[in-house]
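Asker: In terms of my numbering, the sequence shown opens at residue -15 and continues consecutively. Glycine included, C-beta positions come from ideal geometry on N, C-alpha and C.
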Amino acid sequence: MPKSATAQTTPPCASIEDGRIRAVIDAVFPNVDGGRFAVKRVVGESIAVTAHCFTDGHDVLRVMLRWRMEEQTEVHEVPMKPLGNDVWSAKFTPLAVGRYRYSVTAWVDPFESWRDEMMRRIDVDDIRIASQVGAIEIAATAARAGAADRKTLLHWAKELETAATNPATDANIIKALALDSALAELAERYPERSLAAHSAMELPLVADRVRARFSCWYELFPRSASTEPGRHGTFKDVAARLPGIAAMGFDVLYFPPIHPIGLMQRKGKNNALLAEPDDVGSPWAIGCAEGGHKSILPALGTAQDFRQLLASAADFGIEIALDIAFQCAPDHPYVKDHPAWFRWRPDGSVQYAENPPKKYQDIYPFNFESADWRALWAELKSVFDHWIGEGVNIFRVDNPHTKAFPFWEWVIGEIKREHPEVIFLAEAFTRPKVMHRLAKIGFSQSYTYFTWRNSKQELTEYFTELSNGPGIDYFRPNAWPNTPDILHEQLHSGEPAIFMARLVLAATLAASYGIYGPAFELREHWPKSPDAEEYLNSEKYQLRTWNHDDPGSLAPFIARINQIRRDNPALHADHGLRFLPIDNEQLLAYAKTADDGSNVVVTVVNLDPYNVQSGMVLLDPESIGVDAAHPFQMHDLLSNERFLWQGRHHYIRLDPHNVPAHVFVVRRRLRDERDFDYYL
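Put into C-alpha cells, the structure is as follows:
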C-alpha cells in the first residue's frame, strides 16, 4: 500500500484543539521564570502587561488583558492597545492585598475586520456588497447583545441592508451608515470570541501593602535601651525611646531576637569564647531552660509588656519587626526534645554553625534533611504563627540562605495565604543568584550589597541593575549603611560627612533602607581591629548605654532626610532611577521620577568626605518635563536654597564640611508678580 494511503487512516491534526483559532499569543510580560514565581506589586500600584500577539493575513485582532484575585472566580478585563510590531499593552491595578492571576486572550474579530476593510473601500459596487456582508455581521452581533442593544443593532443591520440594496441610495451615504462610530462602539461590546486564543497560563502576582515597597527601618537592641549604665534594658525602656525614633521619621523598628539566650557555650564580650558570669550572650544564640523561639527573655519584660509596646509604637505610626533566626543554643529545648532536627557528629556532639574560619559554638543549625522534616517545618511555621498572633506583621529573617529553599517557599506561601499583610525581609548577604531565588520564592524585601558599594562606578552599576535589571519585578532592595555585623571601613574615620553621604545614598537610591542605631546617628566607628568590619564592644555580646543627647548626633539630619522621602513620591519606588553624567568622579548625580511624572527629585552626593568637589551635571530639561527654552527652579530640600537653572549643563559645588549632598526637587513653575494679591 502506498505510504500516502496509509497516512490517510490517521486523524488529521489530532494534536490541535481547534485549527480555526488563528490568533497567536507568543509571549506575555512581565513574568518571573515563565510564571513559576509571582511578580510583585503593592496595592494601588499598576502593573503594565505587554503581550506579543498577531495573526495571519490582514484581519483585525482584538486582545484583552484578564485578571482576577486568586481566590475569586470573577474575571476583569481591559482592552490591550497595539504599540507597534505586534506588541500590545494594558494595565491593571490591584486594589487589595493578596494574590492575583493575569492572562491574555486574543481573537480575530470579524466585525472589526469588516469595518477596517470598509474604511478603505472606494468602489461603489464594493461598498454595496461589503455593506450587505456587514449587515450580516451586525445581525450576528445583535444575537449576542442584551435586549435593548439587540434592538438597536438589528435596526442598524436592517437599515444598512436596505440602503445597500437600493440603487437610488448614494454610496457615500451607505458607507457613512456602515461606519457609524457610535453604533460601532455598541457592536464592539459583543464580540465573537468563540475562536479566541488564550495565553498558556495565568501568571501569578502578589500585591503587598505599600510598606513592602517603601519603608524606613531602625534597628536597636532592646537590652541596650536603658539610660542607666549596667542596667539591662526592657520593653518599657524602648517605649520611652519611641518619640525620638518617630521624630527621626522611621516607620519600622526592628529588634534582634528577643528570646531567652543560651547559657551553654555562651559567648563573652567581643565574641570571646569564654563568658564572664555577667555576660549577656548573643541574642542569636536562642533558647535555654526558660524557653525558645516562642518565649521572651524575662529581663526584657513580659508578653503583656511586649503587647503594650506594639500598641504604643502603633500610636507613633511605627511597626515592630522581629528577627526570626532559625537556630538554637545548645540548651534550647528543641535539642533535647527533637534530636533528629540536628546534625550529630561521630563523637556524639551536635554540629555547631561554621563559616570557616568563623565558628559559632553557641549556635546549632537545624538539619533540613532530617527524616523528621515535616514535623520540623510545622514547628518552625508555628513560630511565625505565634508572633503573628501577638500582633507582629514584619519579620527580618536571619541568614535564610542557609536554610532549605523549599521550606521558605512553603512557609511564606502558607503564611501569606493566611495573613497577606505580613512582610518578610531576607538578611542574606550572599551570592546574587541565591539572593534572587529567595526573592522569587516569597521574601518581600532583600538586603543588598550597598554596604560594599562605595565608588561612583560601583554605585552606578549596582543600582542600575537593581532599578532596571531583570529582578525589578520581584527583587525589592533594602539598603543598609551599617548593621551590628558590618562596620564598613569607610565609616572607620567617624567623619560626619561620610555618615551623612552614606545615609543620603541609601535613603534616595532605594525605596526601602535602614540603619543600625543608635550606633549610626552617634557615629560609632571603632572596629574590633583595624582591618575588621566588626564593631569594638559590639552590642551583639554586651550591654551598651547610649547618649541620645550627644550634640554631634545626626538625628536631626536623619529626620530631614526621612521627611524628604515621605514628601516626594519619586522616592517611594525603585524604578524611575537614572544616573546623570557629571564630570567629576567624586560626584554622583541621579534623578528619580514618580510614576505619573509629577514629582522629580535630583540628588547629587560628594563621595569625598574631606574635600570640596565641583563639576557640571548634565540634565536635559525635557527629560524632567521642563521646556528647554525657559528657566526652572531647583529647590534643595536639605539647605532650603533655591537655584535657577536653564539649559542642559549645571554647576554643582559641594563642601562636605557643610552638607555633602544636594537633594533637589524640580519646581517647574516659577512665581511672578501675578502670584501676589496686589497684582489683582
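For VAL47 and SER73, what's the separation of their Cα atoms in angstroms?
Answerer: The straight-line gap from Cα to Cα measures roughly 9 Å.
Asker: In chain order, what residues of the same chain have a beta carbon less than 7 Å from the beta carbon of VAL319, not counting five sequence neighbours either side?
Answerer: Only CYS312, PHE326, VAL334, TYR348 meet the Cβ criterion.
Asker: With a threshold of 8 Å (Cβ to nearest heavy atom), would GLU338 be considered close to the ligand GDP?
Answerer: Ligands displayed in this structure: none; no statement on the ligand GDP is therefore possible.
Asker: Between LYS424, ASP534, THR153, which lies nearest to ARG112 when the distance is taken from Cα to Cα?
Answerer: If we check each option's Cα against that of ARG112, THR153 comes out closest.
Asker: Going by DSSP, what residues sit across from GLN597 in a beta bridge?
Answerer: Per DSSP, LEU638.
Asker: Under 9 Å between C-beta atoms, does HIS509 make it to chain D?
Answerer: Although the question refers to chain D, the structure presented lacks it and comprises just one protein chain.
Asker: Alpha carbon to alpha carbon, what distance is there between ALA132 and ASP558?
Answerer: Approximately 49 Å, taken between the alpha carbons.
Asker: So who's on the other strand from ASN466, going by DSSP bridges?
Answerer: Answer is none; ASN466 lacks a bridge partner.
Asker: Under the DSSP definition of a beta bridge, which residues are partnered with MET53?
Answerer: Partner(s): TYR84.
Asker: Could you tell me which of TYR86, PHE563, ALA196 sits nearest to ALA184, measuring between CA atoms?
Answerer: The shortest C-alpha separation from ALA184 is found at TYR86.
Asker: Short check: CB of PRO593 to CB of ILE482, under 9 Å?
Answerer: In contact: PRO593 and ILE482 (Cβ atoms closer than 9 Å).
Asker: If you check the beta carbons only, do VAL643 and MET484 fall under 9 Å apart?
Answerer: Yes, these two residues count as a Cβ contact at 9 Å.
Asker: Alpha carbon to alpha carbon, what distance is there between GLN547 and PRO206?
Answerer: So the alpha carbons of these two residues sit roughly 25 Å apart.
Asker: Are there three or more Cβ pairs, one per stretch, closer than 8 Å when the segment 222 to 235 is compared with the segment 171 to 185?
Answerer: The segment 222 to 235 is not in contact with the segment 171 to 185.
Asker: When you compare the segment 120 to 135 with the segment 69 to 84, are there three or more beta-carbon pairs, one atom per stretch, that lie closer than 8 Å?
Answerer: These segments do not touch.
Asker: Which residue marks the beginning of the alpha helix (DSSP H) containing ILE95, and which one marks its end?
Answerer: The sequence shown places Phe at residue 95, not Ile. Unbroken alpha helix (DSSP H) run through PHE95: 94 to 104.
Asker: DSSP state of TYR497, grouped into three classes?
Answerer: Three-state result, TYR497: strand.
Asker: How is the beta strand (DSSP E) around THR435 delimited, first residue to last?
Answerer: No beta strand (DSSP E) contains THR435, which DSSP labels as neither H nor E.
Asker: Please report the Cβ distance between ALA337 and VAL381, rounded to the nearest whole angstrom; I am assuming they are in contact, meaning their Cβ atoms lie under 8 Å.
Answerer: Between VAL381 and ALA337 the Cβ distance is about 16 Å, and since that is not below 8 Å, they are no contact.
Asker: Please give me, in chain order, every unbroken run of the beta strand (DSSP E) with length at least 3 that falls completely inside the segment 390 to 447.
Answerer: If we require 3 residues or more, the beta strand (DSSP E) runs fully inside the segment 390 to 447 come out as 407 to 411, 429 to 431.
Asker: Alpha carbon to alpha carbon, how far is ASP299 from TYR519? Give it in angstroms, no decimals.
Answerer: Approximately 33 Å between the Cα atoms of the pair.
Asker: Residues bridged to GLN617 by DSSP?
Answerer: According to DSSP, GLN617 bridges with LEU628, ARG651.
Asker: Give me, in chain order, the residues of the same chain whose beta-carbon lies closer than 7 Å to that of HIS36; leave out the 5 immediate sequence neighbours on both sides.
Answerer: Closer than 7 Å at Cβ, skipping near neighbours: ASP10, ALA11, ASP70, VAL71.
Asker: DSSP beta-bridge partners for GLU260?
Answerer: Per DSSP, none; premise fails for GLU260.
Asker: For PHE368 and PRO540, I'd like the C-alpha separation in whole angstroms.
Answerer: If you take the alpha carbons of PHE368 and PRO540, they lie about 36 Å apart.
Asker: Taking ALA305 as the reference, give the member of GLY285, PHE379, ALA324 with the closest Cα.
Answerer: Nearest C-alpha to ALA305: PHE379.
Asker: Counting Cβ pairs, one atom from each stretch, are 3 or more of them under 8 Å apart for the segment 502 to 519 and the segment 256 to 266?
Answerer: With a cut-off of 8 Å, the segment 256 to 266 and the segment 502 to 519 do not count as touching, because too few Cβ pairs lie within range.
Asker: In terms of residues, what are the limits of the beta strand (DSSP E) holding ASP382?
Answerer: First-last of the beta strand (DSSP E) with ASP382: 378 to 382.
Asker: Can you tell me where the beta strand (DSSP E) holding VAL26 begins and where it ends?
Answerer: Per DSSP, VAL26 belongs to the beta strand (DSSP E) from 23 to 26.
Asker: CA-CA distance, PHE563 and LEU79?
Answerer: So the alpha carbons of these two residues sit roughly 32 Å apart.
Asker: Alpha helix (DSSP H) containing ALA540: first to last residue?
Answerer: Going by the sequence as given, residue 540 is Pro instead of Ala. Unbroken alpha helix (DSSP H) run through PRO540: 539 to 551.
Asker: Could you check where the alpha helix (DSSP H) with THR136 kicks off and where it finishes?
Answerer: 131 to 149 is the span of the alpha helix (DSSP H), which, as asked, contains THR136.
Asker: When you compare the segment 456 to 467 with the segment 491 to 509, are there three or more beta-carbon pairs, one atom per stretch, that lie closer than 8 Å?
Answerer: Result yes; three or more Cβ-Cβ pairs closer than 8 Å.
Asker: Between which two residues does the beta strand (DSSP E) containing LEU167 stretch?
Answerer: Unbroken run through LEU167 is the alpha helix (DSSP H), 165 to 171; no beta strand (DSSP E).
Asker: From ALA147, SER115, THR89, pick the residue whose C-alpha is nearest to that of ASP100; which is it?
Answerer: ASP100 has its Cα closest to that of SER115, out of ALA147, SER115, THR89.
Asker: Tell me whether GLN474 is buried or exposed, calling it buried when 16 or more other Cβ atoms sit within 10 Å of its Cβ.
Answerer: That one is buried.
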